[in-house]
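Colleague:
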Amino acid sequence: MSGEASVSGIAKAISQFSDPYERQARLNPALLALSPIIVTTVALYGDRLGLISGVVSLLIALGLLFLLSDYARSRGKAKEQALWKKWGGAPSTQVLRHRNGTFERGELLGYHSKLATLLGKPFPSSAEEASDSQGADEVYAEACGMLRGATRDTKKFNLLFKDNISYGFRRNALGLRKVAVASAIFSLIWVAVRQGPSVWLSRYQEATTPEAFFSVGEVTAIGASLVMLLIWTTYITEKSVRDAAFSYARTLVSASGLLAAKPKVSRAKKEKVN
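Under the numbering used here, the first residue of the sequence shown is numbered 138, with each subsequent residue one higher.
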């Protein structure tokens, strides 16, 4: 029951993260990184978690989950800067370049026109971009900053919000990958060494089937650690982060169409309101 109480307490604390981005993109990667240790602790010591349950509840009350969430974000942001430099700039800036090729030329020029109207300044031509790429990137970055500020309505721009969560989750998870792999390896080592060689030798001599060699808790701990180790080494990769980053960038730029489509208030109506 103590183990169930601990899990229930953690689940209740997680539910207090009402913001979906905070919960899914920041907290979840941190919890997944530590999940091998959490599962191993509950699986092996579930019937003796009275004191541990109290300590965990106290730590949660003191803001442990918020600390984990903030740590995941800081690791992700640190990783982000290195990735952007490696990729050749922020993805949202890249997709607006004439030379990028993400959008068809006509489509790209349409976005440039809409963004220039929204931003109140002209966008560089292909020739101007070629002669001053840094200056062009500054215009693109400013436009994307404006777009991010204008698309915070998560209901109206729900697809963009989902893409942002996906990118944030993968970025923060990649930043935590070393921690996660270490967590899984530590859990496997702990299962192996906690009993001592004499216990394993005795089990080997007495076990009649492979299932009898391990306890249910050990199978659970080993299985969870191996699965998470596989996920963190094969799915949480730079490529998966890049895919999510450019998906978000494309959706962000596409959102300019909705913003540019807002009807203008006539001068007569403005004067009447004033």
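Ideal Cβ placement from N, Cα and C applies to all residues, glycine included.
(1) Contact between the segment 171 to 185 and the segment 271 to 281 is defined here as three or more beta-carbon pairs at a separation below 8 Å; is this criterion met?
(2) Fully enclosed by the segment 246 to 306, which alpha helix (DSSP H) runs are 4 residues long or longer?
(3) Taking contact to mean 3 or more Cβ pairs, one atom from each stretch, closer than 8 Å, check whether the segment 207 to 227 and the segment 248 to 256 are in contact.
(4) Excluding the 5 residues preceding and the 5 following Trp221 in the sequence, name in chain order all residues of the same chain whose CB lies nearer than 6 Å to its CB.
(5) So, at 7 Å on beta carbons, what are the nonlocal neighbours of Asn309 in its own chain, with the 5 sequence-adjacent residues on each side left out?
(6) Between Val330, Lys223, Tyr182, which has its C-alpha nearest Val353's C-alpha?
(7) With a cut-off of 8 Å, do at least 3 Cβ pairs link the segment 376 to 386 to the segment 316 to 328?
(8) Helix, strand or coil: how does DSSP classify Gln231 here?
(9) Between Thr288 and Phe294, what straight-line distance do the alpha-carbon atoms span, to the nearest angstrom?
(10) Looking only at C-alpha atoms, which of Ala267, Ala219, Cys281 sits nearest to His249?
(11) Between the alpha carbons of Lys399 and Ala392, how many angstroms are there, rounded?
(12) I need the boundaries of the alpha helix (DSSP H) containing Gln218, first residue and last residue.
(13) Assign Asp184 to buried or exposed, taking buried as 16 or more other Cβ atoms, counted over all protein chains shown, within 10 Å of its Cβ.
(14) Using a Cβ-Cβ cutoff of less than 7 Å, which residues in the same chain neighbour Ala344 once the five nearest sequence positions on both sides are dropped?
(15) By how many angstroms is the C-alpha of Ala278 removed from the C-alpha of Gly243?
(16) How many angstroms separate the CA atom of Asn237 from the CA atom of Phe260?
(17) Hey, could you find the ends of the alpha helix (DSSP H) Arg379 is sitting in?
(18) Check for me: the alpha helix (DSSP H) holding Glu241 runs from which residue to which?
(19) Quick one: is Lys292 buried, meaning 16 or more other Cβ sit within 10 Å of its Cβ, or exposed?
(20) For Ala329, which option in Arg387, Ala358, Val390, Leu245 has the closest C-alpha, if you only look at C-alpha atoms?
(21) Identify the continuous alpha helix (DSSP H) that holds Leu366 and give its terminal residues.
(22) Cβ of Lys222 versus every heavy atom of the ligand ATP: is any distance shorter than 7 Å?
(23) Kindly give me the distance between the Cβ atoms of Glu266 and Arg234, rounded to whole angstroms, as I take these residues to be in contact under 8 Å.
(24) Spatial neighbours of Leu317 within its chain, please: CB distance less than 6 Å, with the 5 preceding and 5 following residues excluded, ordered by chain position.
(25) Alpha carbons only, please: which of Arg285, Leu245, Phe298 is nearest the one belonging to Asp156?
(26) State yes or no: is the C-beta of Lys216 within less than 8 Å of the C-beta of Gly394?
Modeller: So, to answer that:
(1) No, they do not touch.
(2) Counting whole runs of 4 or more residues, the segment 246 to 306 contains the alpha helix (DSSP H) stretches 263 to 268, 270 to 287.
(3) No, they do not touch.
(4) Result list for Trp221: Ala227, in chain order.
(5) The answer, listed in chain order, is Ala162, Arg163, Pro166, Ala209, Arg210, Arg212, Gly213.
(6) Selected option, being the one with the closest Cα: Tyr182.
(7) No, the segment 376 to 386 is not in contact with the segment 316 to 328.
(8) Gln231 falls in the helix class under three-state DSSP.
(9) Thr288 and Phe294 have their C-alpha atoms roughly 6 Å apart.
(10) Ranked by Cα distance from His249, the first of Ala267, Ala219, Cys281 is Cys281.
(11) For Lys399, the predicted structure reports a pLDDT of 49, less than 50, and the residue's modelled location is therefore unreliable. A value from the coordinates is still provided. Rounded to whole angstroms, Lys399 to Ala392 spans 12 Å at the Cα level.
(12) Annotation: the continuous alpha helix (DSSP H) that includes Gln218 extends over 201 to 224.
(13) Counting Cβ neighbours within 10 Å, Asp184 comes out exposed, since fewer than 16 surround it.
(14) Shown here for Ala344: same chain residues with a beta carbon closer than 7 Å to its own, the five before and five after excluded, namely Phe350 in chain order.
(15) Per the coordinates, the alpha-carbon of Gly243 lies some 21 Å from the alpha-carbon of Ala278.
(16) If you take the alpha carbons of Asn237 and Phe260, they lie about 15 Å apart.
(17) Taken as a continuous stretch (DSSP letters only), the alpha helix (DSSP H) holding Arg379 covers 375 to 391.
(18) Per DSSP, Glu241 belongs to no alpha helix (DSSP H) and is neither H nor E.
(19) The residue is exposed, with fewer than 16 neighbouring Cβ atoms inside 10 Å.
(20) When only C-alpha atoms are compared, the closest one is Ala358.
(21) That run of the alpha helix (DSSP H) goes 353 to 371.
(22) The ligand ATP is absent from the structure shown, which contains no ligand whatsoever.
(23) That belief holds up - the Cβ atoms of Glu266 and Arg234 are roughly 6 Å apart, short of 8 Å.
(24) In the sequence under discussion, the amino acid at residue 317 is Ala, which differs from the Leu named in the question. So the qualifying residues of the chain are Ala170, Trp369.
(25) Minimum Cα distance to Asp156 is reached at Phe298.
(26) Not a contact, by the Cβ cut-off of 8 Å.
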